[in-house]
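Contents: one structure, followed by commentary.
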Amino acid sequence: MSTPKFLDLPPGVRRTDLDLSHGPVAALRALPVSGSADLAPAVLVHGFTGSKEDFIALLQSLAQAGREVVAIDLPGTYESPGPETLTAPPGVQMPDYGLGSLGAVVAEVVDQVGGGSPVHLVGHSLGGLVVRETALSGLVDLASLVLLCSGPGALTGPGALRVQLVVSALAGNPTSERLRELWDGGLEADAHRRVPDPGVRDFLRDRLLNSSALGLLRLAEQLSSADDRVGELAGTGLPAMVVYGENDDAWPLEAQDAMAKRLEAKRLVIPGAGHSPNVDAPETTSSAFTAFWNEVESVGRR
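Per UniProt numbering, the sequence shown runs over residues 1 to 302.
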């Protein structure tokens, strides 16, 4: 889980909703405080138990380089309603919590943000598996792909054990009442140990309790079973960058290195950061994204 260090929106960042075919998706949208957004926009997708706020420390600096930047809540996460709570519009197939289905939702976001022009796409952790599906779907034109602390497929090792605990906790009773029990039964105490800011602790509670328990269960199951599709992704020829913190404890670092090699992607290790460089080292992470995106766009203009 990413835990933002602050929640006040920086200058140029605002809360909005994107109206998609199935229903609304909550987002934070950033535009340059001065100057125009002449560069290709970017869409950022959070990981398991995360949300759009995971990127709050990046948004202003990314936008100030001259581009629109949008971070979303996936369906069923925090301020985006779960599909099980919505009524399908006529002729619309509601998304589920499958990686491919969520990838199609992200594709619709990309299309709306980019207006048919190429968009840079970033996926953190589980979000990397989702945006990979977007790239493989062929539904939209992407400028580049950044996989942030993500992996080639299912989690292994200690990360897999942590996810399995979520599956065990929710499998028999994926309800909001069960999420409240989990918060009261240990997650609240953990938040008090880790997070000094009471406002951020309240946010962590609200994010969990407003998310879909069914969605959390299904996403946890897929983190434990996702296929390795790196070969297919490499076949797209999409410019890619693999970024992770030197202390990342989710996918093994060797697995992320190997993924970068298979993709012929740039690889960047963020010093001093763990599984969330977007929180631990936002300036370094923002600079890395901007430099990569500018390079991709510069090559495209030649």
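All residues carry an ideal CB built from backbone N, CA and C; glycine is no exception. Because the structure is a prediction, the values reported are computed rather than measured.
How many whole angstroms separate the CB atoms of residue 99 and residue 222, which I take to be in contact at a CB cut-off of 8 angstroms?
-> Sequence index remark: in the sequence shown, residue 99 carries index 99 (1-based). Sequence index remark: in the sequence shown, residue 222 carries index 222 (1-based). Confirmed, about 6 angstroms.
For residue 180, collect the residues of the same chain with a Cβ closer than 7 angstroms to its Cβ; drop the 5 residues on either side in sequence, then sort them by chain order.
-> The count along the sequence shown starts at 1 and reaches residue 180 at position 180. In its chain, beyond the 5 residues on either side, 209 have a beta carbon closer than 7 angstroms to the beta carbon of residue 180.
Sorted by chain position, which residues of the same chain lie with C-beta nearer than 7 angstroms to residue 226's C-beta, five sequence neighbours on each side aside?
-> Numbered from its first residue, the sequence shown carries residue 226 at position 226. Here the set comprises 99, 129, 153, 154.
Does the region 39 to 46 touch the region 276 to 293, meaning 3 or more C-beta pairs lie closer than 8 angstroms?
-> yes
Could you check if residue 5 is buried or exposed, using at least 16 other CB atoms within 10 Å of its CB as the buried criterion?
-> Position 5 of the sequence shown, counted from the start, is the residue given in the question as residue 5. Classification for residue 5: exposed.
Return the chain-ordered list of same chain residues with a C-beta closer than 6 angstroms to the C-beta of residue 79, the five sequence neighbours on each side being excluded.
-> For the purposes of this step, residue 79 is identified with residue 79 of the sequence shown, where counting begins at 1. For residue 79, where only same-chain residues beyond five positions count, the Cβ hits under 6 angstroms are 26, 73.
From what residue to what residue does the alpha helix (DSSP H) around residue 1 run?
-> For the purposes of this step, residue 1 is taken as residue 1 along the sequence shown, with counting starting at 1. Segment: none, residue 1 is in no alpha helix (DSSP H) and carries neither H nor E.
7 angstroms Cβ shell around residue 282 - same chain, five flanking residues per side excluded = Numbered from its first residue, the sequence shown carries residue 282 at position 282. Cβ within range, chain order: 57, 58.
Beta-ladder partner(s) of residue 19, from DSSP | Taking the first residue of the sequence shown as position 1, residue 19 is located at position 19. DSSP, once it has assigned bridges, lists 24 as partnering residue 19.
Taking Cβ positions, are residue 245 and residue 215 nearer each other than 7 angstroms?
-> Indexing the sequence shown from 1 puts residue 245 at position 245. Indexing the sequence shown from 1 puts residue 215 at position 215. No, the pair does not count as a contact, with Cβ atoms beyond the cut-off.
Name the DSSP beta bridge partners of residue 144, please?
-> Start at 1 with the first residue of the sequence shown, and residue 144 comes out as number 144. Answer is 120, bridged to residue 144.
How big is the Cα-Cα spacing for residue 176 and residue 89?
-> Residue numbering aside, residue 176 sits at position 176 when the sequence shown is read from its first letter. Residue numbering aside, residue 89 sits at position 89 when the sequence shown is read from its first letter. Between residue 176 and residue 89, the alpha-carbon positions lie close to 25 angstroms from each other.
Scan the region 214 to 286 and note each continuous beta strand (DSSP E) run of 3 residues or more that stays entirely inside, going in chain order.
-> 240 to 245, 266 to 270
Is residue 95 closer than 7 angstroms to residue 22 when the C-beta atoms are compared?
-> Along the sequence shown, one-based indexing puts residue 22 at 22. Along the sequence shown, one-based indexing puts residue 95 at 95. Yes. Within cutoff.
Limits of the alpha helix (DSSP H) - the one that residue 135 falls within = Position 135 of the sequence shown holds residue 135. Run containing residue 135: 126 to 137, per the alpha helix (DSSP H) assignment.
Extent of the continuous beta strand (DSSP E) to which residue 71 belongs = Here residue 71 refers to the residue found at position 71 of the sequence shown. 69 to 72 is the span of the beta strand (DSSP E), which, as asked, contains residue 71.
Decide if residue 202 is buried, meaning its Cβ has at least 16 other Cβ atoms within 10 Å, or exposed.
-> As a first step, residue 202 must be located in the sequence shown, where it is residue number 202. Classification for residue 202: exposed.
Go to residue 204, then tell me how far its alpha helix (DSSP H) extends in each direction, as first and last residue.
-> Counting from 1 along the sequence shown, the entry for residue 204 is found at position 204. Element bounds for residue 204: 198 to 209.
Spatial neighbours of residue 55 in its chain, beta-carbon cut-off 6 angstroms, leaving aside the 5 residues before and after = Sequence index remark: in the sequence shown, residue 55 carries index 55 (1-based). Counting only Cβ-Cβ distances below 6 angstroms, and skipping sequence neighbours, we find 44, 71, 278.
Distance between residue 183 and residue 213 (C-alpha atoms, nearest Å) = For this step, residue 213 is matched to residue 213 along the sequence shown. For this step, residue 183 is matched to residue 183 along the sequence shown. About 12 angstroms.
Buried versus exposed call for residue 14 [16 or more other C-beta atoms within 10 Å across all chains shown] | For the purposes of this step, residue 14 is taken as residue 14 along the sequence shown, with counting starting at 1. By the neighbour-count criterion, in which 16 or more other beta carbons inside 10 Å mark a residue as buried, residue 14 falls on the exposed side.
Spell out the partners DSSP gives residue 180 in its beta bridges.
-> For the purposes of this step, residue 180 is taken as the residue at position 180 of the sequence shown. According to DSSP, residue 180 bridges with nothing at all.
Below 7 angstroms between beta carbons: does that hold for residue 145 and residue 135?
-> Translated into positions along the sequence shown, residue 145 becomes position 145. Translated into positions along the sequence shown, residue 135 becomes position 135. Contact flag set, yes.
Boundaries (first-last residue) of the beta strand (DSSP E) holding residue 42 | Within the sequence shown, residue 42 is the residue found at index 42, counting from 1. 42 to 45 is the span of the beta strand (DSSP E), which, as asked, contains residue 42.
Three-way DSSP call (helix, strand, coil) for residue 169 in this model | Working through the sequence shown from its first residue, we reach residue 169 at position 169. Helix.
Contact check, residue 102 vs residue 238, beta carbons under 7 angstroms = Numbered from 1 along the sequence shown, position 102 holds the residue referred to as residue 102. Numbered from 1 along the sequence shown, position 238 holds the residue referred to as residue 238. Contact flag unset, no.
Just how far apart, CA to CA, sit residue 272 and residue 104?
-> Stepping through the sequence shown from its first residue, residue 272 is reached at position 272. Stepping through the sequence shown from its first residue, residue 104 is reached at position 104. Those two C-alpha atoms are separated by around 34 angstroms.
Going by C-alpha distance, which of 228, 187, 193 is nearest residue 49?
-> Position 49 of the sequence shown, counted from the first residue, corresponds to residue 49. Nearest option by C-alpha distance: 187.
Cβ of residue 12 within 7 angstroms of Cβ of residue 125?
-> Against the sequence shown, residue 12 aligns to sequence position 12. Against the sequence shown, residue 125 aligns to sequence position 125. Not in contact: residue 12 and residue 125 (Cβ atoms no closer than 7 angstroms).
Tell me whether residue 120 is buried or exposed, calling it buried when 16 or more other Cβ atoms sit within 10 Å of its Cβ.
-> Position 120 of the sequence shown, counted from the start, is the residue given in the question as residue 120. Counting Cβ neighbours within 10 Å, residue 120 comes out buried, since at least 16 surround it.
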